[in-house]
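Trainee:
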Amino acid sequence: MLKRNLRTISIGFLILALIVSALFAAVPSTTKAEQLPDNMPAPISQSTTQLAEPTLFQDNFDDNQFDENLWEKIEVDGGTVDEKNGRLQVTIPSHDYNLTKEGYWGNYSQAGYMTKCTFGTRTMQGFEATVNVVELDSVMEVSLMVSDQKITNLDPINASNWYRILKIKDTHYPDRHLAMVERRINGGPVSVIMEGPWFFSTGQLKINISSDVISFYENGILRYTESYALATNSCYVSIFTSSLGCFFGTDSFDDFAAYPVNVEGEPSSISISTESLSATAGSAVNVLGTLLDSNNIPLKNETVVLSYTFPGAGSWIPISSGLTDIQGNYNIQWMNSASGTFTLKTQWSGDTNHLGVSNTTTLSFLPIKNRQLFLLESNSTVDALAFNNETSTLSFNVTGPSGTTGYVKTTISKSMLNNSETLQVYLDGKQLNYSVSALGDFWVFSFNYYHSTH
């Protein structure tokens, strides 16, 4: 791909050389960045509007770490749950039991996860939750459940209102292992509304709620459907095992996801930008922005989830969440302890009337000396970030889709640049306008450009 030296930033003894290119996603072509018109200021805080991504929440457990911001642990009567080997492992201990033709008794244990937050189940978008059962060799059953109560210190079926689909080993007839659908409404008895041989011990479990109809799938095959009977407009989602002591050992889930079924509703927008009072490794980065509806009216008291990823990670890693204030603003802090390039994402799942939305920005941390870093933010993809000590030159490539506006915001220590007025930004040999502000012991420079085909 052709790359051209499109930006040279002179900062006294420091020169920032930006080599900017872009890829047009639909047609293989090379693009360059163009200067914005002189009458268009380059804001320090950038924002873009993006439509909803298909997932509201997903976890493939590859980080092997329990995230208390997203999950609650279900661990009852000795049952334990851990993320290991890129899976969610549930373990049941051995208990005394009695198993006869007339029935069975003994201690049940439970282990699994329940979502920290609820999901709208009566929204215009609908709702769907899925999880893969990757092992069912030892425990008695594995379940995917939606319920209106958060119960983690008892068997989740103690909730008053719920549905679940499960794979279960038949305790009387080992050759008749089953897929089952059960429900409990308004604290009444547990009802088995579908029972039949499972397709296989492993595979996907799915619950779909759309247009007041709830449907249950095992391994991609519809097993049962009926009118949705829960009065609540939102539910928690649980993935867990509940087993007798004669079914002990460890089995596992993988690839949980919750997402809207439809993509209809009023669009919303979310902006994202960052600020930091330090450019050293381990310093706090504030991620902030505003959530608005299609009429630019703030959406208040809504939960925004912050995640990050980096080249080679393969998935989004949740960090934390925060509520929007009366003006729709959110501010979430991230403690970064490593150099490199990271992509941050803030996401809102939507509500009854609005589509969910997400937005991303890229942060690059480049160590120079004495743990001092350049902190660079961009809505373009940043790569090849490097610093030449001999020439005091910082260079990098930014790429983005043709026809879009890109921006770069870089934080530079005042110890490296005493006078911000000495900064000069050039694009294709022409001087480029920029904005500068003081933030503690740092200068924050920001400028915009177009990605265009050439």
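Taken in order, the sequence shown gives residues 408 to 861; the numbers are from our numbering.
We put the beta carbon where it would ideally sit given N, CA and C, even for glycine.
1) When the distance is taken between beta carbons, is L551 closer than 8 Å to I575?
2) With the cut-off set at 8 Å, would you say T818 and S683 are in Cβ contact?
3) Please report how far the alpha carbon of V815 lies from the alpha carbon of F854, in whole angstroms.
4) If you compare alpha carbons, which of W850, S641, S842 and Q754 is closest to N826?
5) List the whole-angstrom C-beta distance separating S501 from F655, where the pair is believed to meet the contact cut-off of C-beta under 8 Å.
6) C642 and D555 - do their beta-carbons sit closer together than 8 Å?
7) Taking buried to mean at least 16 other C-beta atoms within 10 Å of its own C-beta, is E828 buried or exposed?
8) Assign P563 to buried or exposed, taking buried as 16 or more other Cβ atoms, counted over all protein chains shown, within 10 Å of its Cβ.
9) According to DSSP, which residues form a beta bridge with E589?
10) Could you check whether the stretch 593–604 touches the stretch 524–540, counting it as contact only if at least three pairs of C-beta atoms, one from each stretch, sit closer than 8 Å?
11) Quick check on this structure: which residue in R494, N476, Y635 and T657 has the alpha carbon closest to the alpha carbon of Q517?
12) Give me, in chain order, the residues of the same chain whose beta-carbon lies closer than 6 Å to that of A845; leave out the 5 immediate sequence neighbours on both sides.
13) Flag this pair as yes or no: are the beta carbons of K707 and G735 separated by less than 8 Å?
14) Between T697 and the rest of its own chain, which residues show a CB-CB distance below 6 Å, the 5 nearest in sequence each way excluded?
15) According to DSSP, is N565 part of a helix, a strand, or is it coil?
16) Look at the alpha carbon of E482 and the alpha carbon of N467, and state the distance between them as a whole number of angstroms.
17) Can you tell me whether L612 is buried or exposed, with buried defined as 16 or more other CB within 10 angstroms of its CB?
18) Suppose the cutoff is 8 Å on Cβ atoms and the five residues either side in sequence are ignored; what does the same chain contact list for K557 look like?
19) Out of V843, N738 and Q496, point me to the one whose CA is closest to F663's CA.
20) Measure from the alpha carbon of V764 to the alpha carbon of each residue in S771, L770 and W755, then state which is nearest.
21) Once you ignore the five residues that flank N738 on each side, which residues in its own chain have a CB closer than 7 Å to its CB?
22) Could you compute how far the alpha carbon of T811 sits from the alpha carbon of Y857?
23) Please return the same chain residues whose Cβ sits closer than 6 Å to the Cβ of T639, not counting the five positions on each side in sequence.
24) What are the boundary residues of the beta strand (DSSP E) that E482 is part of?
25) In whole angstroms, give me the CA-to-CA distance for A459 and T806.
26) Does DSSP classify D445 as helix, strand or coil?
27) Tell me whether the beta-carbon of T648 lies closer than 8 Å to the beta-carbon of V549.
Mentor: In this structure, then:
1) Translated into positions along the sequence shown, residue 575 becomes position 168. Translated into positions along the sequence shown, residue 551 becomes position 144. Contact: no.
2) Your numbering for residue 818 matches position 411 in the sequence shown. Your numbering for residue 683 matches position 276 in the sequence shown. Yes; because the gap between Cβ atoms is below 8 Å, this pair is in contact.
3) Along the sequence shown, read from residue 1 onward, the residue named residue 815 stands at position 408. Along the sequence shown, read from residue 1 onward, the residue named residue 854 stands at position 447. Going by the C-alpha atoms only, they are around 6 Å apart.
4) Translated into the one-based positions of the sequence shown, residue 826 becomes position 419. That would be W850, whose Cα lies nearest to the Cα of N826.
5) Translated into the one-based positions of the sequence shown, residue 501 becomes position 94. Translated into the one-based positions of the sequence shown, residue 655 becomes position 248. Going by Cβ atoms, the distance from S501 to F655 rounds to 4 Å, so yes, they are a contact pair.
6) Looking up residue 555 in the sequence shown gives position 148. Looking up residue 642 in the sequence shown gives position 235. Yes, the Cβ-Cβ distance between D555 and C642 is below 8 Å.
7) Position 421 of the sequence shown holds residue 828. Exposed, by the Cβ-count rule.
8) Taking the sequence shown and counting its residues from 1, the one referred to as residue 563 is at position 156. Buried: at least 16 other Cβ atoms inside 10 Å.
9) Mapped onto the sequence shown, residue 589 falls at position 182. Paired residues: R571 and V599.
10) Taking 8 Å as the limit for Cβ pairs, the verdict is that the stretch 524–540 does not touch the stretch 593–604.
11) Here residue 517 corresponds to residue number 110 of the sequence shown, with the count starting at 1. Nearest option by C-alpha distance: T657.
12) For the purposes of this step, residue 845 is taken as the residue at position 438 of the sequence shown. Answer for A845: no residue qualifies.
13) What you label residue 707 is simply residue 300 of the sequence shown in a count that begins at 1. What you label residue 735 is simply residue 328 of the sequence shown in a count that begins at 1. Yes, they are a contact pair.
14) Locating residue 697 in the sequence shown gives position 290, counting from the first residue. If we look at T697 and ignore the five residues flanking it on each side, its Cβ neighbours are S678, G735 and N736.
15) On the sequence shown, residue 565 is found 158 positions in, with the first residue counted as 1. Reduced to three states, the DSSP call for N565 is helix.
16) Translated into positions along the sequence shown, residue 482 becomes position 75. Translated into positions along the sequence shown, residue 467 becomes position 60. C-alpha separation (whole angstroms): 20 Å.
17) The residue labelled residue 612 in the question sits at position 205 within the sequence shown. Buried, by the Cβ-count rule.
18) Counting from 1 along the sequence shown, the entry for residue 557 is found at position 150. Here the set comprises E479, M521 and Y643.
19) What you label residue 663 is simply residue 256 of the sequence shown in a count that begins at 1. Closest option to F663, Cα to Cα, is Q496.
20) Counting from 1 along the sequence shown, the entry for residue 764 is found at position 357. Of the listed residues, the one whose Cα sits closest to V764 is W755.
21) Position 331 of the sequence shown, counted from the start, is the residue given in the question as residue 738. Closer than 7 Å at Cβ, skipping near neighbours: N693, L695 and G729.
22) Counted from its first residue, the sequence shown places residue 811 at position 404. Counted from its first residue, the sequence shown places residue 857 at position 450. If I take the Cα positions, the gap works out to 6 Å.
23) The sequence position of residue 639 within the sequence shown is 232, counting from 1. So the qualifying residues of the chain are D555.
24) As a first step, residue 482 must be located in the sequence shown, where it is residue number 75. W478 to V483 is the span of the beta strand (DSSP E), which, as asked, contains E482.
25) Position 52 of the sequence shown, counting from 1, holds the residue named residue 459. Position 399 of the sequence shown, counting from 1, holds the residue named residue 806. Note on A459: pLDDT 38, under 50, position unreliable in the model; the coordinate value appears next. C-alpha separation (whole angstroms): 22 Å.
26) Numbered from its first residue, the sequence shown carries residue 445 at position 38. Since pLDDT at D445 reaches only 39, below the 50 mark, its modelled position is unreliable, and the value read off the structure follows with that caveat. D445 falls in the coil class under three-state DSSP.
27) By one-based count along the sequence shown, residue 648 stands at place 241. By one-based count along the sequence shown, residue 549 stands at place 142. The answer is yes: Cβ separation under 8 Å.
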